[in-house]
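**Student:**
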Amino acid sequence: MFLRQLHRPLSQLTRAMSSGASSATIKHNFFVYAPDKTEPGTLQRRLSVRETHLGGAKERHETGFIQIGGAITTPEAITNPDAPKNMVGSVFLIQAESIDDVKKMIENDIYYTSGVWDADKIVIAPFFSAFPLPFQ
Numbered sequence: 001m002f003l004r005q006l007h008r009p010l011s012q013l014t015r016a017m018s019s020g021a022s023s024a025t026i027k028h029n030f031f032v033y034a035p036d037k038t039e040p041g042t043l044q045r046r047l048s049v050r051e052t053h054l055g056g057a058k059e060r061h062e063t064g065f066i067q068i069g070g071a072i073t074t075p076e077a078i079t080n081p082d083a084p085k086n087m088v089g090s091v092f093l094i095q096a097e098s099i100d101d102v103k104k105m106i107e108n109d110i111y112y113t114s115g116v117w118d119a120d121k122i123v124i125a126p127f128f129s130a131f132p133l134p135f136q
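Residues 1 to 136 in UniProt numbering are what the sequence shown spells out, letter by letter.
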């Protein structure tokens, strides 16, 4: 049941997980899975706005909002040295006060606004590490 909740559209997930008040001093970890659309031209669109995306991500990393982030590739990228390193999505570990803050970041990212990420498949979930994280 919980996994099904994670795969609801971003707007529904936010409503389900938001609480009335949030503390300005407590930050939580969130895992974000943002797969790319599978339609033709998505990789080219991703590459055309990549520098803008990376610039924004770098700023959010420097402020501590994005702890870890990067591209998802196809399995062939690691099993075949000659295969293209095609990007098919993004993952992040975010530190934020609320899920609404994470949703806002996602919705303002150029990959979201330019239609690279598949908005209906984005997952934002609170994340509790079993082991100490190196950045905390």
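We put the CB at the ideal spot given by N, CA and C, even for glycine.
Would you kindly report the start and end of the unbroken beta strand (DSSP E) that includes residue 71?
**Tutor:** In the sequence shown, the residue the question calls residue 71 occupies position 71. Segment 66-73, the beta strand (DSSP E) holding residue 71.
**Student:** Compare the Cα-Cα distances from residue 94 to each of 61, 75 and 39 and report the closest residue.
**Tutor:** Position 94 of the sequence shown holds residue 94. Among 61, 75 and 39, the Cα nearest to that of residue 94 belongs to 61.
**Student:** Cα-Cα, which of 79, 73 and 98 is closest to residue 86?
**Tutor:** The count along the sequence shown starts at 1 and reaches residue 86 at position 86. Looking at the Cα atoms, 73 is the closest of the given residues.
**Student:** So if DSSP puts residue 95 in a beta bridge, which residue, or which two residues, is it bridged to?
**Tutor:** Counting from one through the sequence shown, the residue named residue 95 turns up at place 95. DSSP output for residue 95 lists 29 as bridge partner(s).
**Student:** If the criterion is Cβ atoms closer than 9 Å, does the pair residue 130 and residue 30 meet it?
**Tutor:** Residue mapping note: residue 130 aligns to position 130 of the sequence shown, counting from 1. Residue mapping note: residue 30 aligns to position 30 of the sequence shown, counting from 1. Not a contact, by the Cβ cut-off of 9 Å.
**Student:** Just checking my contact of residue 116 with residue 46 at CB under 8 Å: how many whole Å lie between their CB atoms?
**Tutor:** The residue given as residue 116 occupies position 116 in the sequence shown. The residue given as residue 46 occupies position 46 in the sequence shown. With a Cβ gap of about 5 Å, residue 116 and residue 46 count as contacting.
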